[in-house]
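Protein chains: 2
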Amino acid sequence: MRVYLECIPCFFRQALEGARNAGLPLKAQKQIMNEFSLLIPKISLRLTPPEIARMGYSILKKYTCAVDPYKQIKEKSNSLALRLLNRLEDKVGNSKDRLLTALELAIAGNIIDFGVKNNLNIIAELKKILSAESKSVGRKSIFHYTKFKGALRKAENILYLADNAGEVVFDRVLIEEIRRKYPEKNIYFAVKERPVINDALLEDAKVCGVDKIARIISNGTDAPGTILRLCSKEFKRVYNKADMIISKGQGNFESLSQEKRPIFFLFMVKCPVVEKETGCKIGDIILFHNCKKKVKK
Amino acid sequence: MRVYLECIPCFFRQALEGARNAGLPLKAQKQIMNEFSLLIPKISLRLTPPEIARMGYSILKKYTCAVDPYKQIKEKSNSLALRLLNRLEDKVGNSKDRLLTALELAIAGNIIDFGVKNNLNIIAELKKILSAESKSVGRKSIFHYTKFKGALRKAENILYLADNAGEVVFDRVLIEEIRRKYPEKNIYFAVKERPVINDALLEDAKVCGVDKIARIISNGTDAPGTILRLCSKEFKRVYNKADMIISKGQGNFESLSQEKRPIFFLFMVKCPVVEKETGCKIGDIILFHNCKKKVKK
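From first to last, the protein sequence lines stand for chains D and F.
If you use this note's numbering, the first sequence corresponds to residues 6 to 302, in order.
If you use this note's numbering, the second sequence corresponds to residues 6 to 302, in order.
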C-alpha cells in the first residue's frame, strides 16, 4: 500500500520514541526531527510506509552509533513470551480446531509492536490474550481460513515472514502446528538482517526456538517491513520459490500488499490508515489472502 | 509552557486536518506538509505550542486563499450549543452552588475543540455533558474555586479570553451568572481577530449572545492561543488593566502559563503534553490560578 499523508505525523512520533528509547539527549532528539523534516519534501507518495519509516530509523541510527535502542525491549519481550509458551501450546492442544487456534494466537501475538504503540504493558496484553476465549482475541473481519488450509495442504515451500521479537514465540506455536500436520514441508522463517524498532532478528528467532522447526533466513534489510528491492538475492530466491507466503504484521502488509505472489497476511489492525486500507477496525484480526484466483485443490 | 517535541507530530496532524477541512486536493495537502517540514529545523524549543501551530495555519491560509476552512463547523457548533442554552441555564438555576455549576459547564464546554480532536460528535458530547450530574463532568484535579470566588468579588475589570466557537454559549452561561451576582463589573470578552481552527471570532461571540452581557474585544491576532507580543495595543491595555483574567482552553493556557498577571485557567486536559505539564489526566477539568500569593479579601 502507498503511504498516506497521515502517516507523516506517525513517522515523527516513531523517530522521537526511538530517540528516547536510545536515551539520547533533547538536543539530539530535536536534531533527528530536523533531519527527518528535511526529507519530507523529497518523499514520494508512491512509496510504502515502511520505506519512509526506514529513512527515519536510518537517521536515528547515526545518532545511536549503531547501538540498538530496542535491544532490551526485545529481550524482555522474548523472555516474557517464552514464559507463556506452555500455556499457548496447551491452548492449541485443547482446542477443537488446533490450526485455527494456533493461527488466532499468532495474530494476537502481533499486539507486541513498539512501532505503533509505545508503553505497551506486554505482560497484561499477553495474559489477556491467553485468558480470553479464542473467539474474543479480536473481531475476525477478514479471515480466509478455508483458503489458508487449502494452500497449506498443497504447499511444498512455505516462507514465513516474521514481524516482532516476542511475537516470534506465537509464530513458533503456529509453525509447530503446521509441522505436526505436515512434517515434510520446507518452512523458511525470515527475519531482519539489522535492527529496526523491535523487529525480530536471527538471535530472537533462535532464542524463541524457531531454529528447531524451520530454517531461519535473513531478508537482508533493516526495513520495518519487506521491501523487496532492498532484500538480498538469497531471500528473493526463497520468496520466488515459495508456493505459500505467510506474512506477519502491519509492516509486511504495508510493503507487500500490492505484490503478486500467493501471500496470506496475518495481522492485527493497529492504525487508522490500515483501517482505511482494509475497511476493518483497529483491533480486528486479519487473515487475508491477496490472490483472487482460488487455490488449486 | 514551552513546546514539547511530541507536539511536532501533532502540528502536522492539525495542518493536514485543516487542509482536508478546506477541501484542498492531495497535492496541496502534501505541499502544506512540505512547507511546514522546512520550518521544523528553524523552530526554537523556547516557543510555546500556539506560536508554532500558528506558523502551520499561516501556511494553510496561503493555500485556502483566505477562505476559512472551519467556518461551517463553527456555525454548526454555535447553532447546536445555542439549542442547549435553556438546558444549561436551567442546570445552573437548579443547582445549590450556581457559580460552581456555571464554572463546571464552562470548562466542560471546552470539549468542543477541533485542534485537538477531529470527528468530534458534538451533539453526543454536549448531551453527555448535560445529562451527567455536575460532579461527573470530569475529574477536578486542580480546582482553585475559593480563590476564584475571592478574586471575582474583588475584581473591577474582568477579562475573559474565549477559546472556541460553540463553547462560547457555555462561556455566556458563566458570564451571565457573574453578571447576576455582580452587575457592576466591567467584563471584556476577547476573541481572535482572524480565523484559526475553530477559535471564536467577533461574529461567533455575537451569534452566541455575549454582546449583551460583556464588551467584546479582539486580541488582534490569528493565533490559536494568546501570544501577547502579537496582540493589539488595545487588547494589551485591557489585559494589563484587568484585575482578574479568565482564560479558556488549552491554547490560552499553553501561551500564558508563564505570565505574571492574575489568571484563572479554565480548561479540559486534552493531550499527553498538557498531562505532563499539569500532572493531571486527559479529561480532567482544571480551574488553575497561576498566582501563588493569596487573593486579598
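Ideal placement from N, C-alpha and C gives every residue a C-beta, glycine not left out.
Note on the segment 203-280 of chain F: whole alpha helix (DSSP H) runs with a minimum of 4 residues are 207-212, 238-246, 254-261, in chain order. By the criterion of a C-beta distance shorter than 7 Å, F/L87 is surrounded in its chain by V174, C213, once the five residues flanking it on both sides are discounted.
Annotation for D/H294: H149, K152, F269 place their beta carbon closer than 6 Å to its own, counting only its chain and skipping 5 residues before and after.
Here DSSP, grouped into helix, strand and coil, assigns F/S49 to coil. The beta carbon of D/A33 sits closer than 7 Å to those of A24, Y68, all from its chain and outside the five residues before and after it, given in chain order. Contact note: D/S146 does not reach chain F at a C-beta cutoff of 7 Å; the least C-beta distance is about 21 Å. Taken through DSSP and simplified to helix, strand or coil, D/K197 comes out as strand. Among the residues of the segment 279-291 of chain F, none has a Cβ less than 9 Å away from any Cβ of chain D. For F/N91, no beta strand (DSSP E) run applies; the uninterrupted alpha helix (DSSP H) run containing it begins and ends at 90-98, by DSSP. A distance below 9 Å separates the beta carbons of F/M273 and F/N115.
Taking 9 Å as the CB threshold, D/L43 lines the interface with chain F. Within chain D, no C-beta atom comes nearer than 8 Å to that of F/R51; the closest sits roughly 12 Å away. Proximity of chain F to D/M38 at the Cβ level (cut-off 8 Å) is accounted for by L10, I13, I45, in chain order.
Spatial neighbours of D/I45 in its own chain (CB-CB distance under 8 Å, excluding positions within 5 residues in sequence) are listed in chain order as I13. The three-state secondary structure of F/N39, taken from DSSP, is helix. Contacts with chain F at 9 Å (Cβ-Cβ) include D/Q34. Using a Cβ-Cβ cut-off of 8 Å, D/L21 is close to L10, E11, I13, P14 of chain F, given in chain order. Annotation for D/I147: I291, F293 place their beta carbon closer than 6 Å to its own, counting only its chain and skipping 5 residues before and after.
By the neighbour-count criterion, in which 16 or more other beta carbons inside 10 Å mark a residue as buried, D/Q255 falls on the buried side.
Put simply, the CB of F/R18 is near chain D, with a gap under 9 Å to one of its CB atoms.
Closest option to D/K197, judged by alpha-carbon separation, among D/I37, D/E11, D/R18, D/P55: D/P55. Between F/F240 and F/N257 a beta carbon distance of about 13 Å is seen, past the 8 Å cut, so the two are scored as non-contacting. Linking F/K265 to F/C15 through their CA atoms gives a straight-line distance of about 28 Å. D/H294 has D/F269 as its beta-bridge partners, per DSSP. Shown here, D/K190 sits in coil according to DSSP, grouped into three states, outside any helix or strand. Secondary structure at D/I180: helix, using DSSP grouped into helix, strand and coil.
A direct Cα-Cα distance of roughly 9 Å separates F/Y9 from F/T53. If you ignore the 5 residues before and after D/C236, its C-beta comes within less than 8 Å of the C-beta of N224, G225, T226, Y244, all in its own chain and listed in chain order. D/L31 has a beta carbon lying within less than 9 Å of a beta carbon in chain F.
In terms of Cβ geometry, F/I222 and F/V215 do not form a close pair [threshold 9 Å]. Under a 10 Å Cβ-count criterion, F/D209 is classified as buried, with 16 or more other Cβ atoms of the shown protein chains found around its own Cβ.
F/Q19 is classed as buried because its beta carbon has at least 16 other beta carbons within 10 Å across all chains shown. CA-to-CA, the gap between F/P229 and F/E22 works out to about 15 Å. In this structure, D/L89 and D/K186 do not form a Cβ contact; the two beta carbons are roughly 23 Å apart against a cut-off of 8 Å.
Close CB contacts of F/I218 within its chain, under the 8 Å cut and outside five residues either way in sequence, are with R177, I180, E181, R184, I192 (chain order).
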